[in-house]
Amino acid sequence: MESYTVFMATILLILHLVHAQDPTGFISVDCGLPLRESPYNAIPTGLPYTSDAGLVNSGKTGRIAAEFEPVYTKPILTLRYFPDGVRNCYNLNVTRDTNYLIKATFVYGNYDGLNLDPNFDLYLGPNLWTTMSTNDTIEEIIHVTKTDSLQVCLVKT
Numbered sequence: 015m016e017s018y019t020v021f022m023a024t025i026l027l028i029l030h031l032v033h034a035q036d037p038t039g040f041i042s043v044d045c046g047l048p049l050r051e052s053p054y055n056a057i058p059t060g061l062p063y064t065s066d067a068g069l070v071n072s073g074k075t076g077r078i079a080a081e082f083e084p085v086y087t088k089p090i091l092t093l094r095y096f097p098d099g100v101r102n103c104y105n106l107n108v109t110r111d112t113n114y115l116i117k118a119t120f121v122y123g124n125y126d127g128l129n130l131d132p133n134f135d136l137y138l139g140p141n142l143w144t145t146m147s148t149n150d151t152i153e154e155i156i157h158v159t160k161t162d163s164l165q166v167c168l169v170k171t
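Residue numbering for the sequence shown follows the numbering used here, starting at 15 and increasing by one per position.
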């Protein structure tokens with residue numbers, strides 16, 4: 015049976031709609047970042063990034079292949095992948111009735127040595143956001159929160 019892995023590579027940014035230069039309201043997450051390295055300020059943006067460890071209860075951490083490291087900045091080097099389960103979710107605390115710009119960046123980076131881009135669906139709560147099928151993808155959506163929490167889920171296809 016073929017092994018299937020869904021990954022959440024490098025960054026999931028939840029950006030509160032504020033002035034682009036002001037990091038107030040930003041939730042910047044470096045997926046797969048070890049807790050001992052969290053938080054840090056990214057170069058050149060200066061945005062503070064934290065580990066995803068407290069936002070997700072599943073998955074394993076990894077790092078892009080060494081040959082790709084010179085191409086990317088720190089938030090892209092680590093990742094979280096999900097070899098188990100069909101639906102794996104990040105749980106984020108948000109402010110109810112607020113517009114959020116949600117930006118998700120995915121980089122495969124051949125972390126597993128298989129050189130095969132994964133395919134999966136991305137959901138906001140129960141609603142399909144988009145289908146991911148390529149490497150180096152950035153997806154953005156504006157979402158109005160109806161509760162004080164938001165799930166961003168990766169679902170195997």
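Where a beta carbon is used, it is the ideal one built from N, C-alpha and C, also for glycine.
Apply the 10 Å Cβ neighbour rule to residue i and answer buried if 16 or more other Cβ atoms are within range, or exposed otherwise.
{"i": "Pro-132", "result": "buried"}
{"i": "Met-22", "result": "Residue placement at Met-22 is flagged as unreliable, the pLDDT there being 47, under the threshold of 50; a coordinate-derived value is accordingly withheld."}
{"i": "Leu-47", "result": "buried"}
{"i": "Leu-142", "result": "exposed"}
Can you tell me which residues form a DSSP beta bridge with residue i?
{"i": "Cys-103", "result": "Cys-167"}
{"i": "Ser-65", "result": "Asp-44"}
{"i": "Phe-120", "result": "Thr-151"}
{"i": "Tyr-54", "result": "Tyr-63"}
{"i": "Gly-76", "result": "Leu-93"}
{"i": "Asp-162", "result": "Answer is none; Asp-162 lacks a bridge partner."}
Near residue i, what residues of its chain come up, given a Cβ to Cβ distance below 8 angstroms and the 5 sequence neighbours on each side ignored?
{"i": "Ser-163", "result": "Asn-105, Leu-106, Asn-107 and Val-108"}
{"i": "Asp-36", "result": "With a pLDDT of 48 at Asp-36, under the threshold of 50, the predicted position of this residue should be treated as unreliable, though the coordinate-derived value follows. Hits under 8 angstroms: none found."}
To which residues of the same chain is residue i closer than 6 angstroms at the C-beta, ignoring the five residues directly before and after it?
{"i": "Leu-49", "result": "Ser-65 and Ala-67"}
Thinking C-beta only, is residue j closer than 7 angstroms to residue i?
{"i": "Tyr-95", "j": "Lys-74", "result": "yes"}
{"i": "Ala-79", "j": "Asn-124", "result": "yes"}
{"i": "Phe-134", "j": "Leu-93", "result": "no"}
{"i": "Asn-77", "j": "Leu-91", "result": "Note on identity: in this sequence residue 77 is Arg, with Asn being the wrong assignment. Yes, they are a contact pair."}
{"i": "Phe-120", "j": "Thr-87", "result": "no"}
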